[in-house]
Amino acid sequence: MTPVLITWIGVLALVGALSLLLTGQGRTRARQAFVILVSAFVVHSLIATTARGGRLARAEPVLESDRAELLLRFGSTMQVLEAKSALFALGSKKDLSDQRQQTFYKDARKILEESVGKSPDSAVLKMKLAVVLAESGQEQHKPEFKQVAKELASRSKPADSAAGKALLAIYQEGKVSPEEERTLERVLEKSLPPGWYRDATRLRLFETAGDTRRYEKLKAEIEDKSFRLMTNFLVVLAIAIVVSLIGIVVIIVQLFTLPRQFGDPEDQAGGASAVPWTAGTVYVVFVFWMATQVLIGGFTQEFIKSYKLLASGALVAAISTAALYLISNGPGVLYAYLLAFRPYGLGLFQAIRLRSRSGSLGPIRLTLAGIGTWCAAVPIVIFAYLLASRFLGAQGSSNPIIALVLEAARSSNVLATVLFYVTLGVLAPFVEETLFRGFLYRTLRKNLGVGTSLFASAALFAAVHMDAGAVVPLFCLGWLFGFVYERTRSLLPALIAHGLWNSGTFTLVLMIFGT
3 MTPVLITWIG VLALVGALSL LLTGQGRTRA RQAFVILVSA FVVHSLIATT ARGGRLARAE
63 PVLESDRAEL LLRFGSTMQV LEAKSALFAL GSKKDLSDQR QQTFYKDARK ILEESVGKSP
123 DSAVLKMKLA VVLAESGQEQ HKPEFKQVAK ELASRSKPAD SAAGKALLAI YQEGKVSPEE
183 ERTLERVLEK SLPPGWYRDA TRLRLFETAG DTRRYEKLKA EIEDKSFRLM TNFLVVLAIA
243 IVVSLIGIVV IIVQLFTLPR QFGDPEDQAG GASAVPWTAG TVYVVFVFWM ATQVLIGGFT
303 QEFIKSYKLL ASGALVAAIS TAALYLISNG PGVLYAYLLA FRPYGLGLFQ AIRLRSRSGS
363 LGPIRLTLAG IGTWCAAVPI VIFAYLLASR FLGAQGSSNP IIALVLEAAR SSNVLATVLF
423 YVTLGVLAPF VEETLFRGFL YRTLRKNLGV GTSLFASAAL FAAVHMDAGA VVPLFCLGWL
483 FGFVYERTRS LLPALIAHGL WNSGTFTLVL MIFGT
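Residue numbering for the sequence shown follows the working numbering, beginning at 3 and increasing consecutively.
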């Protein structure tokens, strides 16, 4: 932790203690001062995070390298499929295939060069760049490969140095003994994550060492992966088309069945169902929640970094992610319960309207409403991504958890996969829907119209994620979850839609990157 953070913690602890110990007017003023200080702390933390590039900026190069890997995997897949085709015997066909493959290498190289520029100390990124330069087989890239590999080999860190020397031995020296083969393979397995980069270097290693048996075996495995990738891609495409068509039908039906006076008058000020707490309470809950995230982040980042939890395998990363999410976001629900619900004698589920029956809607119809909302989200979010990419230059999400999800996908660890499904498909939807729909949106509806409330809650939902590349799709998702909450007056459909979205995204990653 930094000295500034320690100072903030001391001041907040002192004023917080006074707000508990004092009585009467003194307690009231101390509590007001505490809220002001917490607000200032959150603003200061956001400014400091932005000034140093933010946590998302540091994760971005790794995510870009994963995009490069996706390009390379599709390139390899097309190459394998064309090689198996009878038409591949034609010379013009082969020339066209080689040109297409070089295009994949060129695009991947450009992405990796930009990633290395943002994170020049990353040995993994430099290894990936060196592999692409070497595998492209282009004469003009050999000097650049040599420069990158030698820079790694000259580093003081033993693991980085060993990785650079391994690349030079495999791609430049041209001769590897059986003893060196085993040593170099261990270095590659430690230095590169499972996936295209490791497969490519191992295949080249076996070829250089003259290990025909292992070369043919790995080549067959790579071909099998290529066929499975294409099969999975076609399955995903088919599912996306079917779900999008259903979603479009849902959107059209909703447009033609919306009542002229949209919304329940009972939710407005003075209505029997209107929330009893004030907008000020919502502000306090959210600012306390954000402050908790900053404080816990200051402790947990050092702990995770010291023990290298996120680099200790998919299972440890999954457990760490679930625990970190609970301790950093769970307090938000607790604050809402203690400061807004309990003072008015409301239970958590009652306050946020998490119920299996709402008016004439039973559990089956509410569930179908959630599934329908998820279907509608697919075409809307795809369209939002296209618009954001075209007009805002957005390149997709840069959320650091994606890197951990990809690690779980590559490792094929069943328990880690289950934990990620629970975290992404259950924990995250429950916390976020409780705070943004059950708590925030219901409060806004007390004094604002449906449109304004939907817009404001969706905008805050997108902003809190601090993911600039996905802000437009996140806004659309927040709006849809708020819409179905308003329509059904139950949080259950929004929870189902949110859970299906997160789980569906994780399943997509598993199908594309899974081993």
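Ideal Cβ placement from N, Cα and C applies to all residues, glycine included.
Since this is a predicted model, take the numbers as computed values, not measurements.
How close, in whole Å, do the beta carbons of residue i and residue j come, if the pair is a contact with beta carbons under 8 angstroms?
i: I224; j: L194; result: Contact flag wrong, Cβ pair sits at about 15 angstroms.
i: N234; j: I514; result: 6 angstroms
i: S67; j: K130; result: 5 angstroms
i: K144; j: A155; result: Going by Cβ atoms, the distance from K144 to A155 rounds to 16 angstroms, so no, they are not a contact pair.
i: A371; j: V486; result: 6 angstroms
i: A125; j: A165; result: 6 angstroms
i: C368; j: S505; result: Here the sequence assigns Leu to residue 368, which means Cys is not the residue at that position. Not a contact, Cβ separation roughly 18 angstroms.
i: Y423; j: G484; result: The pair is not a contact, with the Cβ atoms about 25 angstroms apart (cut-off 8 angstroms).
i: F290; j: V40; result: 6 angstroms
i: A281; j: T445; result: 6 angstroms
i: V433; j: G361; result: The Cβ separation is near 26 angstroms, so there is no contact.
i: V178; j: A211; result: 4 angstroms
i: F351; j: R359; result: 12 angstroms between Cβ atoms; not a contact.
i: L135; j: E146; result: 5 angstroms
i: A499; j: L437; result: 16 angstroms between Cβ atoms; not a contact.
i: T79; j: L231; result: 5 angstroms
Spatial neighbours of residue i within its chain, please: CB distance less than 8 angstroms, with the 5 preceding and 5 following residues excluded, ordered by chain position.
i: E191; result: R200
i: L137; result: In the sequence as presented, Leu is not what sits at residue 137; that position holds Glu. Cβ within range, chain order: Y107, A202, R206.
i: F43; result: W10, L14, A293, V296
i: R439; result: I354, S459, F483, G484, Y487, L493, A496
i: A461; result: F477, G480
i: L394; result: V474
i: G349; result: F343
i: R157; result: A125, S163, G166
The alpha helix (DSSP H) with residue i in it runs from where to where?
i: E488; result: 473–490
i: S330; result: 316–338
i: L135; result: 125–137
i: D162; result: 160–170
i: V150; result: 144–155
i: H500; result: 494–515
i: G18; result: 5–23
i: R344; result: R344 -> no alpha helix (DSSP H), and no H or E assigned at all.
i: G453; result: 452–466
i: V420; result: 416–424
i: A353; result: 350–354
i: R444; result: 444–449
Using C-beta distances below 6 angstroms, list every residue in its chain close to residue i, excluding the 5 sequence neighbours before and after it, in chain order.
i: L482; result: T375, A379
i: Q278; result: Per the sequence shown, the amino acid found at residue 278 is Pro instead of Gln. Cβ within range, chain order: Y346.
i: A35; result: V17
i: I382; result: C478
i: G249; result: C377, A378, V380, P381
i: L502; result: W376
i: A324; result: L421, T425
i: V6; result: none
i: I8; result: none
i: S246; result: V380, P381
i: H467; result: L476
Ignore the nearest five residues each way along the sequence and tell me which others in residue i's own chain have a CB closer than 7 angstroms to its CB.
i: L341; result: T283, V286, V287
i: A464; result: V473, L476, F477, G480
i: A69; result: A small correction: the amino acid at residue 69 is Arg; Ala does not occupy that position in the sequence shown. Closer than 7 angstroms at Cβ, skipping near neighbours: I113.
i: L317; result: N415, L417, A418
i: A240; result: none
i: L20; result: A32
i: L73; result: F106, D109, A110
i: V428; result: G501
i: T507; result: none
i: E187; result: R204, L207
i: T490; result: S360, L363, L368, A371
i: D213; result: E183
Would you list the one or two residues that DSSP bridges to residue i?
i: L429; result: Partner(s): none; L429 has no beta bridge.
i: S363; result: Note that residue 363 is Leu in the sequence shown, not Ser. Bridge partners of L363: S360.
Unbroken alpha helix (DSSP H) runs of length 4 or more, entirely within the segment 192–260: which are they?
198–211, 214–259
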